[in-house]
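Student: Take the sequence shown: its position 90, counted from the start at 1, is 92 in my numbering, and no numbers get skipped.
Handing you a structure now.
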Amino acid sequence: MRLLPIFCALTLFGPSLQAHDVVLISGGPALRSFEKFKKASHDKYWGNFIDSALTRAEELKKDLKPDDQIVWLVFRPSYVSRTAEDETDYLKLIGERSAKIGLTPLFFDNKSQLFTLLRRDGSKEKPKICRLEYFGHSNKKCWMFDYSNRVDGGALEPLVVHVDDLEKISGSSFTSDAECVSYGCHSGEEFSQRWRMIVGRPMVGAVGKTDYSDGGMPKLSTGKDGSWVY
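Below you can see the structure in the form of structure tokens.
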């Protein structure tokens, strides 16, 4: 008889203790050798997508549930090539900066690895995702992790996530009320809508360009009729 109240308590309160992951994704910077002579030059500062993600992580930690954790996924190759160009060890800096707020970056090298990291079954080892946010280059059809890093003004397969790839991201990996945001340029013009249709969770995205130049969280570029949309 004594076991019954304990069983009831576990039944009532067990589900609320289930852990979830908040996933932040950082794309990579352009190379200055491609961008330095352009009027609209990208990534004068190497860490736009690093600092913004760390700023956001600190914000999210304030309201993080006790059993939830922040998982930070960082696209490695662009920081390796920018390291060679600037002669500064950016992977080391990323590790040092994240350690200050108690995060450890998980690096990925292509979209297949990213899809694997996003594949969740709700187990203790692979908790479902309750929030996903992307910091990096994009256009209306894709996230471009490697923009202007190997190819001037573009990105190569398999270093982009195109709307046609979204079927490889399962809605079952997310909680039913998961919130998603893309802080890249133009995501709200198609990518967000396709994400909602295919993945089954709403995604906020920008109509127009986003601006990381002031540091911290990105904002909509000034002088345009931009907006955040689902």
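From the three backbone atoms N, C-alpha and C, an ideal C-beta is built for every residue, glycine too.
Because the structure is a prediction, the values reported are computed rather than measured.
1. Using a Cβ cut-off of 8 Å (strictly closer), state whether alanine 55 contacts chain D.
2. Closer than 8 Å is the cut-off here; do at least three beta carbon pairs connect the region 96 to 109 with the region 149 to 156?
3. In chain order, what residues of the same chain have a beta carbon less than 6 Å from the beta carbon of lysine 170, not counting five sequence neighbours either side?
4. Measure the alpha-carbon distance for leucine 158 versus serine 114 and round it to whole angstroms.
5. DSSP three-state call for isoleucine 96: helix, strand or coil?
6. Can you tell me where the beta strand (DSSP E) with leucine 62 in it begins and where it stops?
7. Would you kindly work out how many angstroms separate the C-alpha atoms of aspartate 70 and serine 175, rounded to a whole number?
8. Out of Gly228, Leu119, Asp213, state which residue places its alpha-carbon closest to the alpha-carbon of isoleucine 27.
9. Determine, using beta-carbon pairs with one atom in the region 134 to 144 and one in the region 181 to 190, whether at least three such pairs fall under 8 Å.
10. Please state whether DSSP places lysine 113 in a helix, a strand or coil.
11. Please name the residue in Lys143, Asp166, Asp167, Leu168 whose C-alpha comes closest to that of glycine 156.
12. Go through its chain and collect everything with a Cβ distance to arginine 57's Cβ below 7 Å, but skip five positions before and after it.
13. Alpha carbon to alpha carbon, how far is alanine 86 from glutamine 20?
Tutor: Working from what's here:
1. This model lacks chain D altogether; it includes just one protein chain.
2. Under the three-pair Cβ rule at 8 Å, the region 96 to 109 does not count as touching the region 149 to 156.
3. Around lysine 170: Phe117.
4. About 14 Å.
5. Note: isoleucine 96 maps to helix in three-state DSSP.
6. Per DSSP, leucine 62 belongs to no beta strand (DSSP E); it is in the alpha helix (DSSP H), 50 to 63.
7. Rounded to the nearest angstrom, the two C-alpha atoms are 15 Å apart.
8. Answer by Cα proximity: Leu119.
9. Because the criterion of three Cβ pairs below 8 Å is met, the region 134 to 144 and the region 181 to 190 touch.
10. Helix.
11. Considering only alpha carbons, the answer is Lys143.
12. Contrary to the premise, residue 57 reads as threonine rather than arginine in this sequence. Hits under 7 Å: Gly218, Met219.
13. Taking the straight line from one Cα to the other gives about 43 Å.
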